[in-house]
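> This is the structure I have questions about; it appears just below.
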Amino acid sequence: MEDMHQVIFICNAVMTLLFLFSIESVKSNNLCRGYFEIKKYQLSPLKIEYRSGMQGPNRPTDKKILHSVKTMLAVEGGVQLVCTRVEALMRRRDAGDLSAEGAEADAVLKQACDLIIIVLTGDDAMHTLYNNGVGEVYLTMVKWLESRNWQLLTTAVLAIGNFARQDDYCAQMMQDHIFDKLLDIFEVYNAFGLRMLKEPEAARPVEPATVSKVQHAVLAALRNLIVPVPNKRVAAAKGRAAPMLLSALPHVDDHHVAYKLLAAIRMLVDGQESVARQLATNREALSAVARWGHAGEHAGAAGEAPRLLAWAGKQLRHSDHWRHIVEVEGCISSLVNMLIVCHSVMQNEAILALTLLAIESLNKKSPSNESPSDFDYEKSFISQLIKSEIGKHVTVLIETNNAKMPKEVAENLLAFLDITSKNNKLAFDYKEAKVNESLKKFCESRKDFSDDLKACINGVVASISDNGKAE
Ligand SMILES: *[C@@H]1O[C@H](CO)[C@@H](O)[C@H](O)[C@H]1NC(C)=O
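Be aware that the sequence shown starts at 434, since it is given in our numbering, and climbs by one per residue.
Structural data, given as structure tokens:
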């Protein structure tokens, strides 16, 4: 939501909630003061806009005002009041003691929940409400994780995801078993999803859209919780998250859920060889990653999938399990496609993963132990690279980045080309795609390359000419 819209939303939400909860005692409460202050704030950006003629969502003042509105609602106890009223509303509804229509109560509930989450996206508000893990709102959210009402449950999960933006809070929440609670929720909703897939005609305890919504929120929160390294270790060591997330992967068909699932698994794979192995040896999961890697119409999932492969590949450099990435159709081509995404960090990840796979596949034809004897890794790797048009991708990578390619990325790319251009078939593909010409221009245009790097480039150019003979 655009900042100004958020301000207006908060004002309206507070006003509606005050009216609908219509509790006389609230009048003397801080919330009213807060509300009237918001009202005051709401007017000022409009005035500023009018005077300076600034338009659009990036007016610097909007951000500041929005931030102070959120902070004020947190500090003044507005969010806690909303939580208390929501709970009262739920109690009255459960007791059948509600004069309002069901739909009306649902609308109030939704607005209240949206308000809580919007306020929590403010940094200062989030810190205030967490209050070292003893904040009333934080504790209420933890309590709502057990709620049977999906709206409260989703709100709680989204709130936890917001608190989990702070590393030290993540550590505390891990200790408080929040991670396990989130896995419990994921397990339940994933089972709902599976049942809907298997028996589409059966009566549904929950709407499909709700199932996706909860899963999406849970996965985002799980991901945030395992950004800090110590939490990844704990999550991997406990051994529950990886199998659960990996076994869910092949059955997810909502691309938003897939995006968050892939992202959560990637956070778990990071630095955890054991998790990378579990992914590599789970053929169905690996195929699903490859499939999402080619779902170009869904940018989120299609961007996450090859990153997950690249991060897993990095963890598998000390073991034989890299071979599964070569075996499963679509993994290599996802990595090749990742060479031409626009961020150099990701280009570099793709280059490093392909280099590791090249070293392994081209040097040791068969992995030392328990390899399927009839699989030729070298042949497969080369033909997959060629089918993915590796030469064209390398040319595009060099030509579109040229001057702005960081030197380390250039060095890594050269290492990859150095290894692969020794192979005739690959050298021929490079020649066809004019990689040698791009490299020459690249080398001439960059003054910052060392003599060693330049020598390496010239070596690769020569190698492409010498080896790239049509057969
Ligand atoms: C690149 O290779 C092609 C084909 O062998 C050759 O004609 C061309 O001169 C080479 N370019 C450079 C810069 O070496």
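Glycine included, each C-beta is placed from N, C-alpha and C at the ideal position.
For residue 899, I'd like the list of residues in its chain whose CB is within less than 8 Å of its CB, leaving aside the five on either flank, ordered along the chain.
Working through the sequence shown from its first residue, we reach residue 899 at position 466. Same-chain partners within the cutoff: 860.
> Where does residue 612 fall in DSSP's three states?
Stepping through the sequence shown from its first residue, residue 612 is reached at position 179. Residue state, collapsed to three classes: helix.
> Mind reading off the beta-carbon distance from residue 523 to residue 582? Whole number of angstroms is fine, and I expect it under 8 Å.
For this step, residue 523 is matched to residue 90 along the sequence shown. For this step, residue 582 is matched to residue 149 along the sequence shown. Indeed they touch by this definition, with Cβ atoms about 7 Å apart.
> Taking Cβ to Cβ, would you say residue 647 is nearer than 8 Å to residue 586?
Working through the sequence shown from its first residue, we reach residue 647 at position 214. Working through the sequence shown from its first residue, we reach residue 586 at position 153. For residue 647 and residue 586, yes; Cβs fall inside 8 Å.
> Extract the residue ranges of the alpha helix (DSSP H) inside the region 580–639, only unbroken runs of 4 or more that lie entirely within it.
Runs found: 583–596, 600–608 and 611–631.
> Under the three-state reduction of DSSP, which class applies to residue 883: helix, strand or coil?
In the sequence shown, the residue the question calls residue 883 occupies position 450. Reduced to three states, the DSSP call for residue 883 is coil.
> Can you have a look at residue 807 and say buried or exposed, based on whether 16 or more other CB atoms are within 10 angstroms of its CB?
Counted from its first residue, the sequence shown places residue 807 at position 374. It counts as exposed.
> Per DSSP, what kind of secondary structure is residue 908 in: helix, strand or coil?
What is shown of the chain runs 434 to 904, which leaves residue 908 out entirely.
> Can you name the start and end residues of the alpha helix (DSSP H) that residue 795 belongs to?
Translated into the one-based positions of the sequence shown, residue 795 becomes position 362. From DSSP, the alpha helix (DSSP H) with residue 795 extends over 777–796.
> Using a Cβ-Cβ cutoff of less than 7 Å, which residues in the same chain neighbour residue 867 once the five nearest sequence positions on both sides are dropped?
Stepping through the sequence shown from its first residue, residue 867 is reached at position 434. Excluding sequence neighbours, residue 867 sits near 828.
> Specify whether the region 631–642 and the region 671–686 touch according to this definition: at least 3 beta carbon pairs, one from each stretch, less than 8 Å apart.
Flag = no, the region 631–642 and the region 671–686 do not touch.
> Could you check the C-alpha separation between residue 734 and residue 620 for me, to the nearest Å?
The sequence position of residue 734 within the sequence shown is 301, counting from 1. The sequence position of residue 620 within the sequence shown is 187, counting from 1. Cα to Cα, residue 734 sits roughly 21 Å from residue 620.
> CA-CA distance, residue 700 and residue 707?
Working through the sequence shown from its first residue, we reach residue 700 at position 267. Working through the sequence shown from its first residue, we reach residue 707 at position 274. Approximately 13 Å between the Cα atoms of the pair.
> Distance, Cα to Cα, residue 535 vs residue 580?
Translated into positions along the sequence shown, residue 535 becomes position 102. Translated into positions along the sequence shown, residue 580 becomes position 147. Going from the Cα of residue 535 to the Cα of residue 580 covers about 18 Å.
> Report the option in 690, 608 and 672 whose CA atom is closest to the CA atom of residue 658.
For the purposes of this step, residue 658 is taken as residue 225 along the sequence shown, with counting starting at 1. Closest option to residue 658, Cα to Cα, is 608.
> According to DSSP, simplified to helix, strand and coil, what is residue 445?
By one-based count along the sequence shown, residue 445 stands at place 12. Here residue 445 sits in helix by DSSP.
> Does the Cβ of residue 751 have 16 or more other Cβ atoms within 10 Å, making it buried, or fewer, making it exposed?
Counting from one through the sequence shown, the residue named residue 751 turns up at place 318. Residue 751 comes out exposed.
> When the distance is taken between beta carbons, is residue 894 closer than 8 Å to residue 826?
Looking up residue 826 in the sequence shown gives position 393. Looking up residue 894 in the sequence shown gives position 461. Cβ distance not < 8 Å, so residue 826 and residue 894 don't count as in contact.
> In three-state terms, what does DSSP make of residue 756?
Stepping through the sequence shown from its first residue, residue 756 is reached at position 323. Note: residue 756 maps to helix in three-state DSSP.
> Quick one: measure Cβ to Cβ for residue 500 and residue 557, integer angstroms, because I've assumed they're closer than 8 Å.
Walking along the sequence shown from the start, residue 500 turns up at place 67. Walking along the sequence shown from the start, residue 557 turns up at place 124. 7 Å between Cβ atoms; contact.
> Return the chain-ordered ranges of every alpha helix (DSSP H) run that is complete within the region 708–747 and spans a minimum of 4 residues.
Listed in chain order, they are 716–726.
> For the putative contact between residue 719 and residue 713, defined by C-beta atoms under 8 Å, what is the C-beta separation to the nearest angstrom?
The residue given as residue 719 occupies position 286 in the sequence shown. The residue given as residue 713 occupies position 280 in the sequence shown. About 7 Å separates the two Cβ atoms, so the contact holds.
> Along the alpha helix (DSSP H) that carries residue 925, what are the first and last residues, could you check?
Absent from the model: residue 925. The displayed extent of the chain is 434 to 904, so no value can be given.
> Figure out for me which residue from 767, 446, 512 and 597 has the closest Cα to the Cα of residue 819.
Here residue 819 corresponds to residue number 386 of the sequence shown, with the count starting at 1. Nearest C-alpha to residue 819: 767.
> Please list the terminal residues of the continuous alpha helix (DSSP H) segment that includes residue 762.
Mapped onto the sequence shown, residue 762 falls at position 329. Per DSSP, residue 762 belongs to no alpha helix (DSSP H) and is neither H nor E.
> Under the criterion of a Cβ to heavy atom distance below 7 Å, does residue 864 qualify as lining ligand 3?
Ligands displayed in this structure: ligand 1; ligand 3 is not among them.
> Spatial neighbours of residue 814 within its chain, please: C-beta separation below 6 Å, excluding the five flanking residues on both sides.
Residue numbering aside, residue 814 sits at position 381 when the sequence shown is read from its first letter. Answer for residue 814: 759 and 794, listed in chain order.
> Any chance the CB of residue 770 is under 7 Å from a heavy atom of ligand 1?
Reading the sequence shown from its first residue, position 337 is the one you call residue 770. Outside the cutoff, so no.
> What residue from 667, 543, 723 and 650 has the CA that sits closest to residue 603's CA?
Within the sequence shown, the letter at position 170 stands for residue 603. Answer by Cα proximity: 667.
> Tell me the DSSP secondary structure of residue 854 in three-state form.
Within the sequence shown, numbered from 1, the residue matching residue 854 stands at position 421. Here residue 854 sits in coil by DSSP.
> Any heavy atom of ligand 1 closer than 7 Å to the beta-carbon of residue 869?
One-based indexing of the sequence shown puts residue 869 at position 436. Yes, the Cβ of residue 869 comes within 7 Å of a heavy atom of ligand 1.
> Below 8 Å on the Cβ atoms is my guess for residue 650 versus residue 590; work out the distance and round it to an integer in Å.
Numbered from 1 along the sequence shown, position 217 holds the residue referred to as residue 650. Numbered from 1 along the sequence shown, position 157 holds the residue referred to as residue 590. Confirmed, Cβ separation roughly 4 Å.
> Look up residue 566 in the DSSP assignment and say whether it is helix, strand or coil.
Residue numbering aside, residue 566 sits at position 133 when the sequence shown is read from its first letter. In this structure, residue 566 counts as helix in the three-state DSSP scheme.
> Going by C-alpha to C-alpha distance, which of 833, 732, 787 and 838 sits closest to residue 823?
For the purposes of this step, residue 823 is taken as the residue at position 390 of the sequence shown. Of the listed residues, the one whose Cα sits closest to residue 823 is 787.
> On the CB-based measure, 16 or more other CB atoms within 10 Å of its CB, does residue 884 come out buried or exposed?
Translated into the one-based positions of the sequence shown, residue 884 becomes position 451. Label assigned to residue 884: exposed.
> If you reduce the DSSP assignment to three classes, tell me which class residue 808 lands in.
Your numbering for residue 808 matches position 375 in the sequence shown. Coil, per DSSP.
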